[in-house]
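There are 2 protein chains.
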Amino acid sequence: MSDKEQVTAAILVIGDEILSGRTKDKNIGYIADYLIQIGIDLREVRIVPDVEQEIVDAVNALRRRYTYVFTTGGIGPTHDDITADSVAKAFGVGISEHPRAIELLLTRIRPEDLNEARRRMARIPHGAELVENRVSTAPGFMIENVVVMAGVPSIMQAMLDNVSARLKTGVKMLMETVEADSVPEGAYAADLGKIAEKYPDASIGSYPSFSTGKFRNQIVVRSKNSETLENALADVRAMVDRLTAERLQK
Amino acid sequence: MSDKEQVTAAILVIGDEILSGRTKDKNIGYIADYLIQIGIDLREVRIVPDVEQEIVDAVNALRRRYTYVFTTGGIGPTHDDITADSVAKAFGVGISEHPRAIELLLTRIRPEDLNEARRRMARIPHGAELVENRVSTAPGFMIENVVVMAGVPSIMQAMLDNVSARLKTGVKMLMETVEADSVPEGAYAADLGKIAEKYPDASIGSYPSFSTGKFRNQIVVRSKNSETLENALADVRAMVDRLTAERLQK
Numbered sequence: 020m021s022d023k024e025q026v027t028a029a030i031l032v033i034g035d036e037i038l039s040g041r042t043k044d045k046n047i048g049y050i051a052d053y054l055i056q057i058g059i060d061l062r063e064v065r066i067v068p069d070v071e072q073e074i075v076d077a078v079n080a081l082r083r084r085y086t087y088v089f090t091t092g093g094i095g096p097t098h099d100d101i102t103a104d105s106v107a108k109a110f111g112v113g114i115s116e117h118p119r120a121i122e123l124l125l126t127r128i129r130p131e132d133l134n135e136a137r138r139r140m141a142r143i144p145h146g147a148e149l150v151e152n153r154v155s156t157a158p159g160f161m162i163e164n165v166v167v168m169a170g171v172p173s174i175m176q177a178m179l180d181n182v183s184a185r186l187k188t189g190v191k192m193l194m195e196t197v198e199a200d201s202v203p204e205g206a207y208a209a210d211l212g213k214i215a216e217k218y219p220d221a222s223i224g225s226y227p228s229f230s231t232g233k234f235r236n237q238i239v240v241r242s243k244n245s246e247t248l249e250n251a252l253a254d255v256r257a258m259v260d261r262l263t264a265e266r267l268q269k
Numbered sequence: 020m021s022d023k024e025q026v027t028a029a030i031l032v033i034g035d036e037i038l039s040g041r042t043k044d045k046n047i048g049y050i051a052d053y054l055i056q057i058g059i060d061l062r063e064v065r066i067v068p069d070v071e072q073e074i075v076d077a078v079n080a081l082r083r084r085y086t087y088v089f090t091t092g093g094i095g096p097t098h099d100d101i102t103a104d105s106v107a108k109a110f111g112v113g114i115s116e117h118p119r120a121i122e123l124l125l126t127r128i129r130p131e132d133l134n135e136a137r138r139r140m141a142r143i144p145h146g147a148e149l150v151e152n153r154v155s156t157a158p159g160f161m162i163e164n165v166v167v168m169a170g171v172p173s174i175m176q177a178m179l180d181n182v183s184a185r186l187k188t189g190v191k192m193l194m195e196t197v198e199a200d201s202v203p204e205g206a207y208a209a210d211l212g213k214i215a216e217k218y219p220d221a222s223i224g225s226y227p228s229f230s231t232g233k234f235r236n237q238i239v240v241r242s243k244n245s246e247t248l249e250n251a252l253a254d255v256r257a258m259v260d261r262l263t264a265e266r267l268q269k
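Which chain is which? The protein sequence lines are V and S, in order. When we follow my numbering, the leftmost residue of the first sequence carries the number 20, and every step to the right adds one. When we follow my numbering, the leftmost residue of the second sequence carries the number 20, and every step to the right adds one.
Below, the structure is given as structure tokens:
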């Protein structure tokens, strides 16, 4: 293993609209894919409502536990957009209009249209750095290890691109999938468990899916060590081949 | 308001495959939609890895806080399926093979194929009731206020149908959407905030989305009181109409 440190993360989705089922979240999967590509381990996700104390508690629980916390949602101009104020409260810092954020808003909004509600989008907790985006111009921000982003997917994605160069990254997780459709999960479970025990620095998962009345199994091997990955993969493939041959002989 | 009590819930998704981005969760949105239909308020969601202590801690935090907790994932036959044992540990109870669960497995699996790994799927914490499903026959279970379900969506859905008759339900949340594309969010934010203040027993949200270079806004009014819903909706519609007319005159 490399001596690069392990970099971990949590996602905090802020939004009544996700909890009510009205909006189907598209950000968790996108951020998960993004983080694994840059060597950051996503360890936990929480979805909380637009309630200040819930946001404060979740931000404080997660920021102490993981290298980074990525929040999505609640940074627009309306009364239900309370993320920036809640994050300031979580850190115990003040919040006020950030001159550069106003400047960014004015690239899209005429000065006479920059009303009080829109100015809310420029309220940034003290000590935070802006996370800009070209899609909406209204910025997110990063305060210590917490990155605050929009909920609209295209804007969130632009913010993630903007902030990623500022993040420290760890050893990238390597991942390979073995198709195991020819053997039922219950028939390979014991042998797979032994392989998993043999490689403590790999994570081996078995994932069934079900459609048109038939199960499909995939075995996924993950490791940060390429040698471990190759050895564990070879064992898994040999196991699937052996069990497949045994079943054909029955 | 009715004097029926408020019934709340959390979802706990258990699965490395979601955190690694490999599998995109399809259960949260489905359960959210389902619960709102039967008058249960979804208040929080957590996604945790296949790590016993993480599952135990999350189950214990959530079951004390909400009327119900719905877990998905980790109840198959492989070594990474540790949900049943973790839930037993969270409740401090034993776990062993449940005769009815074995019976259910035998409706699909021949007795000579019921190996140790498959028998794991019949291990049920003491004091739990089974939650059956016709798709895979391997049951989930309900222990006190925690409902443990499969991660495969079609199986999870069958389990949710099976368990729903056993759940107490509250007053159903009513929800209506007003399209507000003709006015930007920043132009109606102040007025909408005043309407939200006027109706404390309604929850009013403004949800922008962005595609093909254009924002689209929807204002959602939610309340359990039908009169409040109608009055708040009328105010929102009048506001959108007034601001639209003002913009046309400019």
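Note that the Cβ used here is the ideal one computed from N, Cα and C, for glycine as well. Nothing here was measured: the structure is a model prediction, and the numbers come from that model.
Item to check | Alpha carbon of S/Arg138 to alpha carbon of S/Asp104, nearest angstrom | outcome: In the second sequence, the residue the question calls residue 138 of chain S occupies position 119. In the second sequence, the residue the question calls residue 104 of chain S occupies position 85. Taking the straight line from one Cα to the other gives about 14 Å.
Item to check | Positions along the stretch 79-108 of chain V whose CB lies within less than 7 Å of some CB in chain S | outcome: Gly95, Pro96, Thr97, His98, Asp99
Checklist entry - Considering only residues of the same chain and omitting the five flanking positions on each side of S/Ile143, which have a CB-CB separation below 8 Å? => result Taking the second sequence and counting its residues from 1, the one referred to as residue 143 of chain S is at position 124. For S/Ile143, where only same-chain residues beyond five positions count, the Cβ hits under 8 Å are Ala103, Ile114, Ser115, Glu116, His117, Ala120, Leu149, Pro158, Phe160.
Checklist entry - Among residues of its own chain, excluding the 5 on either side of V/Ala141, which ones have a beta-carbon nearer than 7 Å to its beta-carbon? => result Taking the first residue of the first sequence as position 1, residue 141 of chain V is located at position 122. Contacts found: Glu116, His117, Ala120, Ile121, Leu124.
Checklist entry - How big is the Cα-Cα spacing for S/Arg235 and S/Glu249? => result Within the second sequence, numbered from 1, the residue matching residue 235 of chain S stands at position 216. Within the second sequence, numbered from 1, the residue matching residue 249 of chain S stands at position 230. Approximately 23 Å between the Cα atoms of the pair.
Checklist entry - Using 8 Å as the threshold, is the stretch 57-67 of chain S in touch with the stretch 211-223 of chain V, meaning 3 or more CB pairs across them? => result no
Item to check | Segments assigned alpha helix (DSSP H), at least 4 residues, entirely inside the stretch 94-151 of chain V | outcome: 102-110, 118-125, 135-138
Next on the checklist: Taking 8 Å as the limit between beta carbons, can you name the residues of its chain near V/Tyr87, skipping five residues before and five after?
Outcome noted: For the purposes of this step, residue 87 of chain V is taken as the residue at position 68 of the first sequence. Same-chain partners within the cutoff: Val26, Thr27, Ala28, Ala29, Ile59, Asn164, Val165, Val166, Leu186.
Checklist entry - Is it buried or exposed for V/Arg82, if we count other Cβ within 10 angstroms and need 16 for buried? => result Counting from one through the first sequence, the residue named residue 82 of chain V turns up at place 63. Classification for V/Arg82: buried.
Item to check | Between the CA atoms of V/Pro96 and V/Asn244 - distance to the nearest angstrom | outcome: Here residue 244 of chain V refers to the residue found at position 225 of the first sequence. Here residue 96 of chain V refers to the residue found at position 77 of the first sequence. Cα to Cα, the separation comes out at about 46 Å.
Checklist entry - My guess is that S/Asp44 and V/Ile57 are in contact by the Cβ rule of under 8 Å, so how many angstroms apart are they, rounded? => result Translated into positions along the second sequence, residue 44 of chain S becomes position 25. Translated into positions along the first sequence, residue 57 of chain V becomes position 38. Their Cβ separation, rounded to whole angstroms, is 21 Å, which puts S/Asp44 and V/Ile57 out of contact at 8 Å.
Checklist entry - How is V/Asp69 classed by DSSP in three states: helix, strand or coil? => result Numbered from its first residue, the first sequence carries residue 69 of chain V at position 50. Coil at V/Asp69, not helix or strand.
Next on the checklist: With a threshold of 6 Å on Cβ separation, who are the neighbours of V/Ala107 within its own chain once the five nearest residues in sequence on each side are excluded?
Outcome noted: For the purposes of this step, residue 107 of chain V is identified with residue 88 of the first sequence, where counting begins at 1. So the list reads Ile114, Pro144, once near-sequence residues are dropped.
Item to check | Cβ-based neighbour list, V/Pro227, same chain, cut-off 6 Å, excluding 5 preceding and 5 following | outcome: Start at 1 with the first residue of the first sequence, and residue 227 of chain V comes out as number 208. These residues qualify, in order along the chain: Glu204, Phe234, Asn236.
Next on the checklist: Helix, strand or coil, according to DSSP, for S/Val88 in the structure here?
Outcome noted: For this step, residue 88 of chain S is matched to residue 69 along the second sequence. Of the three classes helix, strand and coil, the one that applies to S/Val88 here is strand, per DSSP.
Next on the checklist: Taking the alpha-carbon of V/Tyr331 as reference, which of V/Thr126, V/Val255, V/Phe89 has the nearest alpha-carbon?
Outcome noted: There is simply no residue 331 of chain V to check, as chain V begins at 20 and stops at 269 in what is shown.
Next on the checklist: Under 8 Å, Cβ to Cβ, is there at least one residue of chain S near V/Ile174?
Outcome noted: Here residue 174 of chain V is taken as the residue at index 155 of the first sequence, counted from 1. By this cut-off, V/Ile174 is an interface position.
Checklist entry - Is the shortest distance between the beta-carbon of S/Asn244 and the beta-carbons of chain V less than 8 Å? => result Reading the second sequence from its first residue, position 225 is the one you call residue 244 of chain S. Not an interface residue.
Item to check | C-alpha gap between S/Asp35 and S/Pro68, whole angstroms | outcome: Within the second sequence, the letter at position 16 stands for residue 35 of chain S. Within the second sequence, the letter at position 49 stands for residue 68 of chain S. Between S/Asp35 and S/Pro68, the C-alpha separation is close to 5 Å.
Checklist entry - For V/Leu193 versus V/Ile50, is the C-beta distance shorter than 8 Å? => result Taking the first residue of the first sequence as 1, we reach residue 193 of chain V at position 174. Taking the first residue of the first sequence as 1, we reach residue 50 of chain V at position 31. It is not a contact, given that the beta carbons lie outside the stated cut-off.
Checklist entry - Short check: CB of V/Tyr207 to CB of V/Met258, under 8 Å? => result Looking up residue 207 of chain V in the first sequence gives position 188. Looking up residue 258 of chain V in the first sequence gives position 239. Closer than 8 Å, so yes.
Checklist entry - Residues of chain S with CB under 8 Å from V/Arg137, in chain order? => result One-based indexing of the first sequence puts residue 137 of chain V at position 118. Going along chain S in sequence order, the residues near V/Arg137 (Cβ under 8 Å) are Gly205, Ala208.
Item to check | V/Glu151 versus V/Ala136, V/Ser183, V/Pro130, residue with shortest Cα-Cα distance | outcome: Residue 151 of chain V sits at position 132 when you count from the first residue of the first sequence. Cα-wise, what sits closest to V/Glu151 is V/Ser183.
Next on the checklist: If distances are taken between C-alpha atoms only, which option among S/Asn134, S/Val202, S/Leu267 comes closest to S/Arg256?
Outcome noted: For the purposes of this step, residue 256 of chain S is taken as the residue at position 237 of the second sequence. Selected option, being the one with the closest Cα: S/Val202.
Checklist entry - Taking the alpha-carbon positions, what's the V/Gln72 to S/Arg153 distance? => result Within the first sequence, the letter at position 53 stands for residue 72 of chain V. Within the second sequence, the letter at position 134 stands for residue 153 of chain S. Going from the Cα of V/Gln72 to the Cα of S/Arg153 covers about 42 Å.
Checklist entry - Buried or exposed: where does S/Asp100 fall if 16 or more other Cβ atoms within 10 Å of its Cβ makes it buried? => result For the purposes of this step, residue 100 of chain S is identified with residue 81 of the second sequence, where counting begins at 1. With 16 or more Cβ atoms within 10 Å of its Cβ, S/Asp100 is classed as buried.
Checklist entry - Where does S/Ile59 sit, in a helix, a strand or coil, going by DSSP? => result The residue you call residue 59 of chain S lines up with position 40 of the second sequence. In the structure shown, S/Ile59 sits in coil (DSSP, three-state: anything other than H, G, I, E or B).
Item to check | Range of the contiguous beta strand (DSSP E) that encloses S/Ser226 | outcome: One-based indexing of the second sequence puts residue 226 of chain S at position 207. It is worth fixing the name first, because residue 226 of chain S is Tyr in this sequence and not Ser. Looking at the DSSP string, the run of the beta strand (DSSP E) that includes S/Tyr226 is 221-230.
Checklist entry - Would the beta-carbon of V/Arg65 fall within 8 Å of that of V/Leu31? => result Walking along the first sequence from the start, residue 65 of chain V turns up at place 46. Walking along the first sequence from the start, residue 31 of chain V turns up at place 12. Yes, the pair counts as a contact, with Cβ atoms nearer than the cut-off.
Item to check | DSSP three-state assignment for S/Gln268, whether helix, strand or coil | outcome: Translated into the one-based positions of the second sequence, residue 268 of chain S becomes position 249. In this structure, S/Gln268 counts as helix in the three-state DSSP scheme.
Checklist entry - Counting only beta-carbon atoms, is V/Val67 nearer than 8 Å to chain S? => result For this step, residue 67 of chain V is matched to residue 48 along the first sequence. Yes, V/Val67 lies at the interface with chain S (some Cβ there is under 8 Å from its Cβ).
Checklist entry - Along the chain, where does the beta strand (DSSP E) that runs through V/Val239 open and close? => result Reading the first sequence from its first residue, position 220 is the one you call residue 239 of chain V. Run containing V/Val239: 233-242, per the beta strand (DSSP E) assignment.
Next on the checklist: According to DSSP, is V/Asp22 part of a helix, a strand, or is it coil?
Outcome noted: Within the first sequence, the letter at position 3 stands for residue 22 of chain V. Its pLDDT being 47, under 50, V/Asp22 is placed unreliably by the model, and the measurement read from it follows with that caveat. Residue state, collapsed to three classes: coil.
Checklist entry - S/Ile114 versus chain V: which residues are under 7 Å apart at the beta carbon? => result Here residue 114 of chain S corresponds to residue number 95 of the second sequence, with the count starting at 1. Ordered by position in chain V, no residue passes the 7 Å Cβ test against S/Ile114, which lies about 17 Å from the chain.
Checklist entry - Which residues, taken in chain order from the stretch 210-221 of chain V, show a beta carbon closer than 7 Å to some beta carbon of chain S? => result Leu211, Gly212, Ala215
Checklist entry - In chain order, what residues of the same chain lie with their CB nearer than 6 Å to the CB of V/Ser222, ignoring the 5 residues before and after it? => result Along the first sequence, one-based indexing puts residue 222 of chain V at 203. Cβ within range, chain order: Arg241.
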